[in-house]
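Enquirer: The structure that follows is given in the form of C-alpha cells.
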Amino acid sequence: GAVVSQHPSRVICKSGTSVKIECRSLDFQATTMFWYRQFPKQSLMLMATSNEGSKATYEQGVEKDKFLINHASLTLSTLTVTSAHPEDSSFYICRAPVRTEAFFGQGTRLTVV
Amino acid sequence: AQSVTQLDSQVPVFEEAPVELRCNYSSSVSVYLFWYVQYPNQGLQLLLKYLSGSTLVKGINGFEAEFNKSQTSFHLRKPSVHISDTAEYFCAVSAGRGSTLGRLYFGRGTQLTVWP
C-alpha cells in the first residue's frame, strides 16, 4: 500500500527555535496533505490542509504564522513550527488521502524545552 | 458537519475475553466509517472501514465492526483479545461523497488495555 514517511520521529528543541517536520509520499502523488496535532490521551485535531501549489487552509484557532505549511511538490509537504514554545510540545501527524484510503505518517513527537 | 462519539475512554479487559468498543456518529449525509489503532508514539493504522455494501465489516487482527444506520453506530468487536491488542482505538467518519477521501472527523479515542 501507499506509504507516507514522516521525519523526524522525535525532536527536542529549545524555546524560541524553529522545527521543520516533513511528510513524503513514497510511492504516490499526494495533492493534499492533512496536518493534525494530538495532545496526550486526546484525539487528533485537524490543524490545516495543504494542497500542492497553493496556500494551506488553516482551521479556526490555528496560528498561520506559527505553523507554516508548505506543499511545494506532489511528494513533499512540510510543517514548520516557528519560535516554538513549551506549549507547542505535542504529537504531530500528517495524513494523505488516496481515493477512499487515508495514509498516515508515523508522527513526530515534539518537545520544546 | 459530521461528529463522532466514543462513549468509553478506557476499556480494561482480560486476555481472551470478548470486547466491544462503541462508536456513534452524527451526519446529515451518507458517510464512510473507519476504525484506526494507534500504538504509543506511532501513527494510525487502519483496522477496517465501511464504505458501502455489507454492514458487517471484517478487518485486520481479528476485528470486525457493524454499521447500523438506524442507530448511527459503528461498534468495533473482537471475540477474543490478546495482550498485543492493548492500544488506543479511534473511530472516524468522513462524508461519503466523491472518490477521494476528504476530511476525517475523529472520536476522542478509547484506550483498550488487555490484562493477563
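These protein sequences, in sequence, are chains C and S. The first sequence runs 808 to 920 under the working numbering. The second sequence runs 1476 to 1591 under the working numbering. Ideal Cβ placement from N, Cα and C applies to all residues, glycine included.
Under 8 angstroms between beta-carbons, which chain C residues line up against S/P1516? List them in chain order, please.
Expert: As a first step, residue 1516 of chain S must be located in the second sequence, where it is residue number 41. The sequence given here places Asn at residue 1516 of chain S; Pro does not occur at that position. Going along chain C in sequence order, the residues near S/N1516 (Cβ under 8 angstroms) are S816, R817, F898, G914 and R916.
Enquirer: Any C-beta of chain C sitting closer than 8 angstroms to the C-beta of S/Y1507?
Expert: Walking along the second sequence from the start, residue 1507 of chain S turns up at place 32. Yes, S/Y1507 lies at the interface with chain C (some Cβ there is under 8 angstroms from its Cβ).
Enquirer: Give the residues of chain S in contact with C/L886, contact being defined as C-beta atoms less than 7 angstroms apart.
Expert: Locating residue 886 of chain C in the first sequence gives position 79, where the first residue counts as 1. By Cβ distance, chain S contributes nothing, its closest Cβ being about 14 angstroms from C/L886, past 7 angstroms.
Enquirer: Could you give the first and the last residue of the continuous beta strand (DSSP E) run that contains C/Q845?
Expert: Along the first sequence, one-based indexing puts residue 845 of chain C at 38. That run of the beta strand (DSSP E) goes T839 to Q845.
Enquirer: For a contact meaning CB atoms closer than 9 angstroms, what does C/L853 contact in chain S?
Expert: Within the first sequence, numbered from 1, the residue matching residue 853 of chain C stands at position 46. The answer, in chain order, is R1578, L1579, Y1580 and F1581.
Enquirer: Please go through the same chain and pick out, in chain order, the residues whose beta-carbon is closer than 7 angstroms to the beta-carbon of C/L881, but skip the five residues on each side of it.
Expert: Here residue 881 of chain C is taken as the residue at index 74 of the first sequence, counted from 1. Around C/L881: Q836, A837, T838 and E859.
Enquirer: Does DSSP classify C/P893 as helix, strand or coil?
Expert: Residue 893 of chain C sits at position 86 when you count from the first residue of the first sequence. Of the three classes helix, strand and coil, the one that applies to C/P893 here is helix, per DSSP.
Enquirer: Count the other C-beta atoms from every protein chain shown that fall within 10 angstroms of the C-beta of C/E894, then say buried if there are 16 or more, exposed otherwise.
Expert: Along the first sequence, read from residue 1 onward, the residue named residue 894 of chain C stands at position 87. Classification for C/E894: exposed.
Enquirer: Go through the segment 1507–1564 of chain S residue by residue and report every complete run of the alpha helix (DSSP H) that reaches 4 residues or more, in order.
Expert: Qualifying alpha helix (DSSP H) stretches: none in this window.
Enquirer: Between which two residues does the beta strand (DSSP E) holding C/S832 run?
Expert: Here residue 832 of chain C corresponds to residue number 25 of the first sequence, with the count starting at 1. That run of the beta strand (DSSP E) goes V826 to S832.
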